[in-house]
Amino acid sequence: MSFEENREALVKNLLFEKRIISEKVKNAFLNTPRELFLPDSLKKYAYADTPLQIGKGQTISAPHMVAIMCEELDIKEGQKILEIGAGSGYHAAVVANITGENGHVYTIERFSVLAENAKQNLERAEIKNVTVELGDGSEGLSKYAPYDRIYVTCGAPDIPPPLIEQLKDPGKLLIPVGGTICTLILLEKKDNKTKTYNCGGCAFVPLIGKHGYHSL
Ligand code: SAM
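With the sequence shown counted from 1, adding 52 to any position gets you this note's numbering.
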């Protein structure tokens, strides 16, 4: 089967499992070639619903987790988004497809080699509305704040205060809390108040940094 056929089969499964619910998330998955975000040796697994190694002990998230996070965040066309943990750039690419060219995704990565790879992968996929920055995302990315949506792709000990500060009002923040085996928490900011919701269990590599864990 071709990459395209495998991509369609994966989307069909994610729809069946109700990980993908909306038309916009379905289209974003169909429009984003995951094989372009993987090293050559792993391209054959691009449409297996599993995380894969991308170097430096880090992973590209499983497609179902990307789908769950996109649906929980209810991303809209034209929004400004911050991702913490660029990794391969794949998740940012899916989100950028939902925001469209009037929106923008800023993504920050702590490993320079991964940030460079993510930039190249996004270029290869001809995605222009994603900016990759190098740094400690546990402090957010104040130079482009505030953001309509913020999401974290690694497990944090708690919700970093700078991320709440850099979120628009109204806005939504999605973050795995509790280390490697963690709980996905959705924080909604509205009328200067915040409310949190438990979106279920998950597994992520840890958030390392000032407002994350201090070492691996
Ligand atoms: N979104 C990625 C993708 O689509 O490939 C998957 C990201 S991976 C599960 C988590 C990433 O978070 C890793 O690349 C890791 O290096 C990064 N990370 C961990 N702590 C970080 C921090 N404080 N700032 C920025 N990136 C961080």
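No residue lacks a Cβ here, since even glycine has one placed at the ideal position from N, Cα and C.
When the Cα atoms are used, what is the spatial distance from residue i to residue j?
i, j, result
"D210", "R201", "18 Å"
"I133", "H156", "6 Å"
"V182", "A145", "7 Å"
"A119", "S190", "23 Å"
"K128", "N149", "10 Å"
"R59", "L82", "7 Å"
"E135", "G187", "12 Å"
By alpha-carbon positions, which one of the options ends up nearest to residue i?
i, options, result
"N154", "E56, T102, G130", "G130"
"A197", "V118, I216, A114", "I216"
"R71", "E191, P222, E124, L186", "E124"
"R52", "E69, G109, A61, M117", "There is simply no residue 52 to check, as the chain begins at 53 and stops at 268 in what is shown."
"N244", "K96, K224, G107, G152", "K224"
Report whether the distance from the Cβ of residue i to the nearest heavy atom of ligand 1 is below 6 Å.
i, result
"F163", "yes"
"L166", "yes"
"L259", "yes"
"Q105", "no"
"D188", "yes"
"Q218", "no"
"S194", "no"
"G139", "yes"
"S113", "yes"
Output the boundary residues of the alpha helix (DSSP H) element that contains residue i.
i, result
"V77", "75-83"
"L259", "Note, L259: premise wrong, no alpha helix (DSSP H); not H, not E."
"Q172", "164-176"
Hey, residue i and residue j: beta-carbon distance below 7 Å or not?
i, j, result
"Y138", "V204", "Sequence check: residue 138 is Ala here, not Tyr. Cβ atoms of A138 and V204: not closer than 7 Å."
"S164", "F89", "no"
"L236", "C251", "yes"
"V229", "A255", "no"
"D101", "P115", "yes"
"Y265", "P258", "yes"
"L193", "Y158", "yes"
"C122", "V63", "no"
Starting from residue i and walking both ways along the beta strand (DSSP E), at which residues does that stretch end?
i, result
"K132", "132-136"
"C234", "233-242"
"E161", "156-161"
"Y249", "245-255"
"E185", "182-186"
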